[in-house]
Amino acid sequence: MNKVKMAQKLVELRGDKSREQVAVDLSISYSSLVSYETGERAPRDEVKIRIANYYGVDVADIFFLT
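First residue of the sequence shown: 1, per my numbering; consecutive thereafter.
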């Protein structure tokens with residue numbers, strides 16, 4: 001997994017929504033979302049699925065970019 005591309009895609013998908021709102025909607029902490037969007041770390045598989053479903057995309061479209 002390319003964390004830089006993952007981070008860019010997450011920020012792109014979030015669009016105009018605030019990090020706070022997305023974190024609440026996904027039932028994750030704000031700090032976790034920030035760490036994903038900055039490429040510091042990748043989410044667990046369960047959270048990857050929640051994020052993909054939230055944005056209406058396939059998991060691979062976010063987390064398995066080459």
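Ideal placement from N, C-alpha and C gives every residue a C-beta, glycine not left out.
Under 7 Å, do glutamate 37 and leucine 10 count as touching if we go by C-beta distance?
-> Contact check for glutamate 37 against leucine 10 passes: the beta carbons are separated by less than 7 Å.
Rounded C-beta distance between alanine 42 and lysine 3? I'm assuming under 8 Å.
-> Yes, alanine 42 and lysine 3 are in contact; Cβ-Cβ is about 6 Å, under 8 Å.
Roughly how many angstroms lie between the CA atoms of aspartate 16 and glutamate 46, to the nearest whole one?
-> Each residue's CA atom was taken as its position, placing aspartate 16 and glutamate 46 some 25 Å apart.
Would you mind stating whether tyrosine 54 and leucine 26 have Cβ atoms separated by less than 7 Å?
-> Tyrosine 54 places its beta carbon less than 7 Å from that of leucine 26.
Specify, as a first and last residue, the run of the alpha helix (DSSP H) that glutamate 12 falls within.
-> 3–14 is the span of the alpha helix (DSSP H), which, as asked, contains glutamate 12.
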